[in-house]
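Structure first, then comments.
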Amino acid sequence: MKRWLSIGAAILVVFFLLIWFGYRSYLSLSVADYNGDVPVSGLNAEVQVSFDAKGIPQIWAIDDHDLYMTLGFLHASERLFQMEIVRRLSQGKLSEILGSVTLDYDKRQRTIGFHRKAIADEADLTETSRFLINAYINGVNQWIETHSPLPPEFELMGFLPEPWQISDVLTIAIYQTWFSHELMDKDKNYQKLVDKLGTDILPLLNDFQRWSPSTIDPEHSPYFQENFPARMSKASNSWVVSPIKSQSGAALHASDPHLMIDRIPGFWYLAGLHSETGTQFVGTTVAGLPGGLMGHTDSIAFAFTVASIDIIDYYNEDSQQNLNVINEQILVKDQDPVDLKIEIASQGPVIEHTDSSLVSMRWAGFDFSAARIVESFFKLLSVRNFKEFQSTVTQLGATDINWTYSDRNGNIAYQLAAPIPKRNYVNTFLKQDATDENSKWQGYTELEKTPFEVNPERGWIATCNNQIVNPNWPEKIPGFYDNYRIVRATELLSIDTLFNQSDMETMQMDIQSVDAKRWKDLFFLSAYLLADSTLIREITNWDFRLNNESRIASTFTYWSHYMSKFIFEDDLADDWPLTTSITDQVMENEIGKWIDRNDTKGKESLEILAAKCLEFVIKEIPNRPYGEISILEIEHPLSSVPLLDSWLNLNRGPVSKEGSFATLNSNYNSFDDGSKQFKSHVGASMRFVLDWADIDGFSLMTNLGQSGNPFSPHYDDFLDDWISGKRWVVPFSKQKVFQKSKSILHLQPAK
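All letters in the sequence shown, in the order written, are residues 2 to 752 by my numbering.
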């Protein structure tokens, strides 16, 4: 009997191992092709795709049709599951594959109506744009139809992607304009603060921060010179440097857009796009969209940061009005379909409807066609000068972004490309009265009055999600600005020296905290009041760098975090984290109303409260190096099932993450109260630096890898370099590209 039990156990072990390793081997067949000959129906001629050692493709096609068809083919081969998730996310169809857990999110997406708008806007497409989008989606569908198995996620979740359509591309384009704004929007948080703290808090939400410079130097703005000749204070994580401050005598261009870095795969897919009919581009693309978004052509370079302008308002509507009603049905995995009633009020979709409240949302994106967004991105790759660039990027709908520009002739420029609503009210963060005509938008600021700057005398332009113009600008531009990193960028770029490409790359990795530098005196005084001589000495000798080895960086970070709690917990209880964006202003202005706690008998000054906060940190928080408290964990969607993570090796990390929200090497995080760690979420999703004197020396990298397939050699092969700051060069000329290539894929027209 024991013998048979042993045999049975052995058979089970063998069976388990066969499944564990055998199915893994089968799933690994889904990895993209990087060499060989592959037939593709619909191509006009052979397309060569050269891959470098990091899996970055450069496409060489006879025309733009074959170019974009190949791009769609490559996107599907490396990022198909990501494309599917983004498509479903933007259309409100996640519940079809994930069940009721995403039902509320689907309801929200359908209520906003990205997909409805895309379907309506499809009629606006020009013949050329429709032709190129069709080429792209045909490439996507070709890869789906001709490859088995599909990427592991499809096999494990048991569903197949539907064929891609034009409306899918347009929906993603609209959603990306929303997403860029949603990263920074704080309307709901600000409304909650006003509800709890009163209208006295409003000036802290709207005021210009005079300690931080704006992007635009107004005296060099053509519009300002003509209409407002009075001089204003000079000031200006993308930046451009003109030849007058460049060692090479050519313009320099640097960019590192901050997006989510804690998800697999990364946001960007890097590629070179080359066609004999004129398109020449190297830079970033996004899976699900045709075209290039940031990088350079043979004439110009361009990059963007989130502008953070407030382009969404919420309205209290007349509850007696007649609402337009749209009925939709949401399919839910393993459940009956769910009916959804969508209501449209005077200012937009209704996002809150109770017996006592009817709230609608007004978003600038409702006013611009998705067709024009995609068309403008196609045009962007043929732009030859700033005038053409300006007229192109300002047609990108509600894409809430700042653009930086440089060209081979040495010109540098900045252009705000977000629509600026004309309003008759200042407090745009509060709900407005939809029945009041003065609360309604009066159109948008004219293009010629939109902030831009060309070739400033100082020799550089920088934008870091900061306030764009200063208080003397003729029109208010309310927004959710992040005013720290621009201080450091201004400090470094203002140095009286000539810069090179290496200097730009070093700047991108800079971890000196503007926040720490700004509050050093108060931090020092807190230690002094506690008579902590060791801490006093550490603060005195600190260079404000948030590096992995520093313990004083950890102490400051905890102190800075808990200052919001010590100031506002008595007023807001558990909602005190809502105040992180205004705590600095309360401290700067020493506003006693909030600094003096109402749950104590004595009257606290800022210095006393800061010392109490520091005392709490010293007593309650272990003193660990910064690299132990600031961490990055990168997770794949399927890793919520731990066995799948172990089986497929999906996740990466934890790894130490230097920097903070106030360093050029950015690190936006959230605090985990259990582990007392700061978990990183947003940072540099890509880095590029270009010296126009050496276009083949263009450095370009993402935070993770080219592929979303865990079996691919390019799943995470940028991660270590991204952490350390090591660069990867992506050449432009065909000769240099092929010298660096490691494999060549030949796509042949199918017979």
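From the three backbone atoms N, C-alpha and C, an ideal C-beta is built for every residue, glycine too.
The Cβ atoms of ILE173 and ARG264 do not sit closer than 8 Å to each other. If you draw a 10 Å sphere on the C-beta of GLN330, you find fewer than 16 other C-beta atoms in it, and that means exposed. Across the set VAL690, ARG625, VAL170, the C-alpha of ARG625 shows the shortest separation from the C-alpha of GLN678.
No residue range can be given for LYS55, since it is assigned to no alpha helix (DSSP H) and is classified by DSSP as neither H nor E.
By the C-beta density criterion, ASP105 is exposed, having fewer than 16 other C-beta atoms within 10 angstroms. In this structure, the CA atom of ASP368 is about 11 Å from the CA atom of ASP122.
For HIS116, the enclosing alpha helix (DSSP H) begins and ends at 115–122. When C-alpha distances from ALA371 are compared across GLY93, GLN396, PHE545, the shortest belongs to GLN396. For ARG264, the pairing in a beta bridge is given by DSSP as GLU636. When secondary structure is reduced to three states using DSSP, ASP434 falls in the strand class. Counting along the chain, the unbroken alpha helix (DSSP H) around ASP722 starts and ends at 720–725. Spanning the alpha carbons of PHE557 and GLN586 requires a straight line of approximately 18 Å. For the pair VAL690 and GLN502, the CB atoms are nearer than the 8 Å cut-off.
GLN336 sits exposed, since fewer than 16 C-beta atoms from the chains shown fall within 10 Å of its C-beta.
Between GLN391 and TYR316, the CB-CB gap reaches or exceeds 8 Å. Following the DSSP letters along the chain, one finds LEU448 in no beta strand (DSSP E), marked with neither H nor E. Judged by their CB atoms, ASN710 and GLU79 are nearer to each other than the 8 Å cut-off.
For LYS620, the enclosing alpha helix (DSSP H) covers residues 607–621. The distance from the Cβ of HIS66 to that of ASN45 is about 6 Å, consistent with a contact at the 8 Å cut-off.
For the alpha helix (DSSP H) assignment, the uninterrupted runs of no fewer than 4 residues enclosed by the stretch 125–179 are, from N- to C-terminal side, 128–147, 153–158. Relative to the Cα of SER551, the nearest Cα in the group ILE413, HIS715, SER657, ILE313 belongs to SER657. Each residue's CA atom was taken as its position, placing ASN323 and SER440 some 20 Å apart. By the C-beta density criterion, THR584 is buried, having at least 16 other C-beta atoms within 10 angstroms.
If you draw a straight line from the Cα of ASP319 to the Cα of VAL351, it is about 11 Å long. Ranked by Cα distance from HIS297, the first of ILE113, PHE733, LEU531, LEU746 is PHE733.
Taking 8 Å as the cut-off, the beta carbon of SER527 is found closer than this to the beta carbon of ALA611. By the beta-carbon neighbour count (other beta carbons within 10 angstroms, threshold 16), PRO150 is exposed. By the Cβ test, the stretch 373–382 is in contact with the stretch 116–136, since at least three Cβ pairs between them sit closer than 8 Å. Contact annotation: the stretch 140–148 touches the stretch 31–47, with at least three C-beta pairs closer than 8 Å. The residues ARG363, THR429, GLN433, in chain order, have a CB closer than 7 Å to that of ASP314 in the same chain once the five nearest residues on each side in sequence are set aside. When secondary structure is reduced to three states using DSSP, TRP648 falls in the helix class. DSSP, reduced to helix, strand and coil, places LYS680 within a strand of the structure shown.
Contact between ASN466 and VAL618 is ruled out by a C-beta separation of about 28 Å, above the 8 Å threshold. Ranked by Cα distance from SER249, the options ASP695, LEU705, ILE98 are led by ASP695.
Fewer than three pairs of CB atoms, one per stretch, sit closer than 8 Å, so the stretch 626–636 makes no contact with the stretch 479–491. Inter-segment contact for the stretch 443–458 and the stretch 485–496 is absent: fewer than three beta-carbon pairs are separated by less than 8 Å.
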